[in-house]
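Asks: Protein chains in written order, with the working numbering: chain A, 2 to 268; chain B, 15 to 149; chain C, 47 to 572. Cβ atoms here follow ideal geometry from the backbone N, Cα and C, with glycine treated the same way. From a predicted model like this one, the values you see are computed outputs, not experimental measurements. Shown below is the structure under consideration.
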Amino acid sequence: MIKEVKKRVKELLDSGKITGFLGLRDMNGHVGPHLFCDGGDLEALVLGDRERPGDSRYPLNKQLIHLARSYPEDTFGVLVRGCDERGLKTLSTWNQLHPDKVVPVGIACPQELAEACECLRPYPDEFVCGEKVEGCPYDSVAQLDGIDLAARFDHWMREFEKCIKCYGCRDICPMCFCKECSLESNELIRTGDIPPEMPLFHLTRAVHMAGRCIDCGLCNEACPADIPLRTLYKKVADIIDEEFHYRPGYVADQKSPLNILSQPGVE
Amino acid sequence: MDYRTALTTCTYCGCGCNLYLEVLDGQIIDTIPCKTSPVNEGKLCIKGWNVHEFVQSPNRLTRPLLRKEGTFEEVSWDEALEFTASKLRDIKEGYGGDSIGFLTSAKATNEENYLLQKFARAALGTNNVDHCARL
Amino acid sequence: MTNSVAELENSDCIFVIGSNTTSSHPLVATRIFRAKQKGARLIVADPRKIHLALMADTYVRQNLGTDVALINGIIHVILERGWQDQGFVEERTEGIEELKKTIQSYTPEKVSEITGVSAEDIVKIAEDFGTADAASIVYCMGITQHVTGVDNVKSLANLAMLTGNVGKESTGVNPLRGQNNVQGACDMGGLPNVYPGYQAVTMPDNQKKFESRWSASLSDQVGRTVSDMLSGLSDGSLKALYVMGENPMLSDPDTAHVEEALKAAELLVVQDIFFTPTAELAHVVLPGSSFAEKDGTFTNTERRVMRVRKAIEPVGDSRPDWQIIQEISNRLGYAMAYDSPEAIMNEIAEVTPSYGGITYDRLEGSGLQWPCPDRDHPGTKFLHKDAFARGKGMFHAIEFMPPAETVDPEFPFWLTTGRIHVHYHTGTMTRNSPTLNAEVSEGFLEINPGDASQLGIREGDEVKVISRRGQIRVKTVFTDRVERGLVFMPFHFVESNANALTNPALDPIAKIPELKVCAVRVEKAA
Numbered sequence: 002m003i004k005e006v007k008k009r010v011k012e013l014l015d016s017g018k019i020t021g022f023l024g025l026r027d028m029n030g031h032v033g034p035h036l037f038c039d040g041g042d043l044e045a046l047v048l049g050d051r052e053r054p055g056d057s058r059y060p061l062n063k064q065l066i067h068l069a070r071s072y073p074e075d076t077f078g079v080l081v082r083g084c085d086e087r088g089l090k091t092l093s094t095w096n097q098l099h100p101d102k103v104v105p106v107g108i109a110c111p112q113e114l115a116e117a118c119e120c121l122r123p124y125p126d127e128f129v130c131g132e133k134v135e136g137c138p139y140d141s142v143a144q145l146d147g148i149d150l151a152a153r154f155d156h157w158m159r160e161f162e163k164c165i166k167c168y169g170c171r172d173i174c175p176m177c178f179c180k181e182c183s184l185e186s187n188e189l190i191r192t193g194d195i196p197p198e199m200p201l202f203h204l205t206r207a208v209h210m211a212g213r214c215i216d217c218g219l220c221n222e223a224c225p226a227d228i229p230l231r232t233l234y235k236k237v238a239d240i241i242d243e244e245f246h247y248r249p250g251y252v253a254d255q256k257s258p259l260n261i262l263s264q265p266g267v268e
Numbered sequence: 015m016d017y018r019t020a021l022t023t024c025t026y027c028g029c030g031c032n033l034y035l036e037v038l039d040g041q042i043i044d045t046i047p048c049k050t051s052p053v054n055e056g057k058l059c060i061k062g063w064n065v066h067e068f069v070q071s072p073n074r075l076t077r078p079l080l081r082k083e084g085t086f087e088e089v090s091w092d093e094a095l096e097f098t099a100s101k102l103r104d105i106k107e108g109y110g111g112d113s114i115g116f117l118t119s120a121k122a123t124n125e126e127n128y129l130l131q132k133f134a135r136a137a138l139g140t141n142n143v144d145h146c147a148r149l
Numbered sequence: 047m048t049n050s051v052a053e054l055e056n057s058d059c060i061f062v063i064g065s066n067t068t069s070s071h072p073l074v075a076t077r078i079f080r081a082k083q084k085g086a087r088l089i090v091a092d093p094r095k096i097h098l099a100l101m102a103d104t105y106v107r108q109n110l111g112t113d114v115a116l117i118n119g120i121i122h123v124i125l126e127r128g129w130q131d132q133g134f135v136e137e138r139t140e141g142i143e144e145l146k147k148t149i150q151s152y153t154p155e156k157v158s159e160i161t162g163v164s165a166e167d168i169v170k171i172a173e174d175f176g177t178a179d180a181a182s183i184v185y186c187m188g189i190t191q192h193v194t195g196v197d198n199v200k201s202l203a204n205l206a207m208l209t210g211n212v213g214k215e216s217t218g219v220n221p222l223r224g225q226n227n228v229q230g231a232c233d234m235g236g237l238p239n240v241y242p243g244y245q246a247v248t249m250p251d252n253q254k255k256f257e258s259r260w261s262a263s264l265s266d267q268v269g270r271t272v273s274d275m276l277s278g279l280s281d282g283s284l285k286a287l288y289v290m291g292e293n294p295m296l297s298d299p300d301t302a303h304v305e306e307a308l309k310a311a312e313l314l315v316v317q318d319i320f321f322t323p324t325a326e327l328a329h330v331v332l333p334g335s336s337f338a339e340k341d342g343t344f345t346n347t348e349r350r351v352m353r354v355r356k357a358i359e360p361v362g363d364s365r366p367d368w369q370i371i372q373e374i375s376n377r378l379g380y381a382m383a384y385d386s387p388e389a390i391m392n393e394i395a396e397v398t399p400s401y402g403g404i405t406y407d408r409l410e411g412s413g414l415q416w417p418c419p420d421r422d423h424p425g426t427k428f429l430h431k432d433a434f435a436r437g438k439g440m441f442h443a444i445e446f447m448p449p450a451e452t453v454d455p456e457f458p459f460w461l462t463t464g465r466i467h468v469h470y471h472t473g474t475m476t477r478n479s480p481t482l483n484a485e486v487s488e489g490f491l492e493i494n495p496g497d498a499s500q501l502g503i504r505e506g507d508e509v510k511v512i513s514r515r516g517q518i519r520v521k522t523v524f525t526d527r528v529e530r531g532l533v534f535m536p537f538h539f540v541e542s543n544a545n546a547l548t549n550p551a552l553d554p555i556a557k558i559p560e561l562k563v564c565a566v567r568v569e570k571a572a
């Protein structure tokens with residue numbers, strides 16, 4: 002699989018179509034984000050499956066936004082899985098990335114990862130390699146929906162109580178691109194406290210993820226308190242789908258019903 | 015365009031979390047926790063997530079300062095180093111090496127700590143070496 | 047730490063005492079959360095109702111400075127109920143009879159009177175800890191920063207040995223080292239009595255070894271500790287102080303005394319990345335480079351040596367500290383010619399047995415945990431596996447002693463100090479981080495609402511806090527994290543410097559000041 006990716010990236014770089022390819026590199030005994038700029042230097046390129054499938058995924062779209070903001074004229078390649086591609090499509094509708102300036106190089110996720118992620122579509126449209134596997138339903142949401150309301154509330158309050166307010170769920174999120182963040186507003190949520198005001202802090206973030214979360218699960222993996230944030234945002238996504246028939250990034254160019262940024266007169 | 019990520023270890027607490035500093039054209043623009051770290055497994059605290067912020071702060075000391083007639087003046091490295099070395103030499107010759115004390119640093123690297131205690135012990139002949147281990 | 051951070055996840059019982067883990071060591075707290083998720087019992091003892099207390103199976107607030115009594119009480123119950131690990135005690139320890147004799151009088155009832163912890167809770171802690179298969183102790187400065195700091199640590203060691211919780215996976219006596227490289231600074235001989243690797247300066251063999259390796263004649267006299275250096279400056283027996291990356295003006299107790307001492311120096315050299323309150327008093331200030339601008343290694347709390355890598359060029363005209371030291375040494379006539387931090391590490395490995403197998407190549411990946419004596423050694427996950435350093439583990443029979451300063455009608459409040467999750471130590475770095483400074487931008491005094499109303503203050507009001515050593519002004523936060531009679535302050539903020547108030551009384555052995563206990567008066571600010 003890696004061979005095909007490297008071949009594709011080499012073509013893109015050698016042809017001058019992209020300035021650089023944002024991917025993952027095995028270096029110093031670890032896997033991290035890296036911008037490959039030379040088609041002859043792809044030795045260390047990896048896909049983020051170090052010991053388990055997907056165990057070294059990074060929010061590459063977030064790093065891509067950093068590059069695009071400084072170099073708006075350049076075109077970059079980026080390694081994408083199904084979730085990342087949904088991210089690209091959604092970021093484009095929020096005017097954060099220009100689709101003409103991004104060349105996704107896609108890989109399909111294996112069954113094991115699709116199940117662990119409960120991913121509805123574990124492969125990108127523009128995929129280069131890997132074997133497409135079926136999507137998996139949100140069992141974790143169904144499980145919580147199955148218990149009564151009071152117990153469900155208790156469950157979440159116990160989880161939120163562990164929060165050390167690192168803001169890691171936001172900081173790792175490839176879809177959190179706002180310059181000002183409600184989570185930092187002292188008027189809304191008292192700053193300085195841990196745990197942060199419950200359940201206000203986490204519900205505020207959940208509301209902001211509505212129509213935006215592409216279900217990559219990186220927040221869950223970044224949480225030092227192991228709060229099952231992904232399950233919370235999956236639930237929110239279900240609600241948005243029921244009410245508005247919208248899931249971010251599944252259909253290109255489809256805007257979130259909550260996206261008012263691109264309407265005339267709204268900045 | 016010079017974009018790179020440097021894998022390093024957080025400088026705040028004793029957990030020693032591994033993270034990437036994201037650098038674009040010489041500016042550190044972000045911190046990314048290292049997913050494969052045995053210590054933090056892709057997680058960080060609020061300090062770690064923002065560890066890049068102080069590095070290029072406008073408040074950083076960027077030039078040696080020498081007190082002249084009560085006030086600090088920016089001076090060259092040569093002048094600052096010569097002043098320090100000659101004062102240390104004078105005090106060692108006048109009062110002995112044990113009249114000088116050294117505080118090494120729980121923030122500096124192992125290599126730097128090794129070097130400062132070696133300097134104290136070998137160059138000045140004193141074991142007056144300590145740091146804030148107790149604080 | 048005797049054991050590794052990740053091992054905590056698999057403990058059956060974790061006893062956290064004097065550590066505000068979620069604030070000060072958040073990624074250690076992660077492992078505690080996980081252990082709890084897996085069914086471990088969590089015991090938290092802290093005079094302040096810290097975040098972790100919310101999740102504890104048993105949370106107790108012991109009175110300030112009563113840890114020895116509390117631990118003796120727990121040991122008393124364990125012995126009385128027969129929950130000790132008799133096999134471990136017989137094979138691997140000595141001194142149990144003396145311990146038993148001393149412990150005799152520490153009945154839960156008596157201990158309850160001293161500590162304020164109920165007798166039932168003492169029994170419950172003893173049962174949870176004493177009957178667990180693998181129990182870990184986690185502590186921090188709340189245990190060590192007392193005049194009885196060494197006694198406190200020895201008491202915890204007694205508890206761990208008595209229950210056989212040493213030298214095996216997911217157990218141990220685990221001090222969380224505060225600063226990122228406080229472990230490394232100690233390992234590297236940043237202490238007055240030892241060369242790198244804890245080799246005593248008073249042992250002629252060690253002296254000879256280093257004299258030969260360093261081509262210099264060395265002193266066989268134990269040097270001065272920080273507090274001895276400060277008093278030496280005050281009385282004139284010390285003339286110069288060279289400070290690299292430390293800020294005693296904020297970190298040390300009794301700031302007025304520290305300032306007087308530093309001002310008395312004939313030469314004060316400060317090497318730092320920011321212009322700290324300590325630098326303000328210097329004769330010469332040398333701008334060092336931060337961790338992001340140089341290569342090197344840090345050693346974390348679990349003895350793991352890990353790489354620091356240069357991300358950017360030194361800021362401004364700053365220079366990496368190792369280059370500055372080398373330059374000064376060469377000008378003084380003691381030649382140093384290292385071309386890189388790696389060359390220094392190669393010398394460290396040569397002279398430091400516990401770092402003997404450490405090379406930069408081998409640190410790629412997960413780093414290495416010392417002891418790592420040779421190139422083929424994989425490093426050491428937990429200590430004391432088959433034996434203690436001294437052979438048999440020694441129990442220490444320890445009596446409770448009160449703190450150096452206690453409350454009285456003139457100074458009726460107990461003050462304790464600590465860190466908050468947003469800031470680090472003297473705030474030199476965190477207060478220059480816009481995000482962190484926005485989260486918490488000023489110091490505060492935590493006070494119980496009951497006490498506050500008696501003093502006639504409203505939340506947010508500025509108050510005067512006065513101790514025998516100094517006074518400061520600070521705004522108040524009302525909270526039941528502190529009980530009546532206790533107040534808390536973080537020590538990160540120069541504008542409301544908690545260490546203007548703290549007591550410099552020292553532990554007689556470790557010379558650690560009693561930063562966690564002093565007596566103060568709180569007054570409405572005019």
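#1: Verify whether the separation of the beta carbon atoms of Thr161/C and Asn204/C is less than 8 Å.
#2: When the Cα of Leu125/C is compared with those of Thr148/C, Arg107/C, Val106/C, which residue comes out closest?
#3: So which of Asn346/C, Thr248/C, His303/C, Asp367/C has the shortest CA-CA distance to Val316/C?
#4: Is Met275/C closer than 8 Å to Asp112/B when the C-beta atoms are compared?
#5: Report the partner residues of Glu508/C according to the DSSP bridge assignment.
#6: Starting from Asn483/C, follow the alpha helix (DSSP H) in both directions and report where the run begins and ends.
#7: Leaving out five residues on either side along the sequence, give the residues of the same chain with a beta carbon under 7 Å from the beta carbon of Pro449/C.
#8: On the CB-based measure, 16 or more other CB atoms within 10 Å of its CB, does Thr190/C come out buried or exposed?
#9: Do we get a CB-CB distance below 8 Å when we pair Arg477/C with the residues of chain A?
#10: Just verifying my parser: in three-state terms, what is the DSSP assignment at Val563/C?
#11: Along the stretch 17–30 of chain A, where does the CB come closer than 8 Å to a CB of chain C? Name the residues.
#12: What number of angstroms, rounded off, separates the C-alpha of Val351/C from the C-alpha of His31/A?
#13: State yes or no: is the beta carbon of Glu160/A nearer than 8 Å to at least one beta carbon in chain C?
#14: Considering Cα atoms alone, identify which of Glu143/C, Val566/C, Lys570/C is closest to Arg514/C.
#15: Report yes or no: do the stretch 358–378 of chain C and the stretch 95–115 of chain B share at least 3 C-beta pairs separated by less than 8 Å?
#16: Say whether chain C places a C-beta atom closer than 8 Å to the C-beta of Leu38/B.
#17: Quick one: Cα of Gly212/A to Cα of Thr192/A, how far?
#18: What does the alpha-carbon distance come out to for the pair Leu23/A and Val79/A?
#19: Quick one: which chain A residues come within Cβ less than 7 Å of Trp63/B?
#20: By Cβ distance, which residues of its chain are closer than 6 Å to His442/C, with the 5 residues on each side in sequence left out?
#21: I believe Thr22/B touches Leu35/B by the beta-carbon criterion, under 8 Å. Please report the beta-carbon distance rounded to the nearest angstrom.
#22: Return yes when the Cβ of Val62/C is within less than 8 Å of the Cβ of Glu348/C, no when it is not.
#23: With three or more beta-carbon pairs closer than 8 Å as the criterion, would you say the stretch 400–411 of chain C touches the stretch 372–392 of chain C?
#24: What residues in the stretch 385–418 of chain C have a beta carbon less than 8 Å from any beta carbon of chain A?
#25: Let me know the secondary structure DSSP gives Tyr406/C once reduced to three states.
#26: Just to confirm, is the Cβ distance from Gly516/C to Thr217/C under 8 Å?
#27: Pull up the CB-CB distance for Asn124/B and Ala134/B, whole angstroms please, since I reckon it's below 8 Å.
#28: Using a C-beta to C-beta distance shorter than 7 Å, which residues of chain A count as neighbours of Ile60/B?
#29: Distance, Cα to Cα, Met234/C vs Leu54/C?
#30: Which residue comes first and which comes last in the alpha helix (DSSP H) that contains Cys118/A?
#31: Between Asp341/C and the rest of its own chain, which residues show a CB-CB distance below 8 Å, the 5 nearest in sequence each way excluded?
#32: In terms of DSSP beta bridges, what is Met352/C paired with?
#33: What residue ranges within the stretch 19–90 of chain A form continuous beta strand (DSSP E) runs of no fewer than 3 residues, ordered along the chain?
Replies: According to the structure shown:
#1: no
#2: Thr148/C
#3: Asp367/C
#4: no
#5: Lys521/C
#6: 480–485
#7: Leu110, Gly111, His192, Val193, Glu560, Val563
#8: buried
#9: no
#10: coil
#11: Asn29, Gly30
#12: 16 Å
#13: no
#14: Val566/C
#15: yes
#16: no
#17: 26 Å
#18: 5 Å
#19: Cys167, Tyr168, Gly169, Asp172
#20: Lys200
#21: 6 Å
#22: no
#23: yes
#24: Glu410, Gly411, Ser412
#25: helix
#26: no
#27: That pair is no contact at about 16 Å.
#28: Lys166, Cys167, Tyr168
#29: 27 Å
#30: 112–118
#31: Arg353, Val354, Arg355, Lys356, Ser386, Pro387, Glu388
#32: Phe344/C
#33: 21–28, 31–37, 77–81
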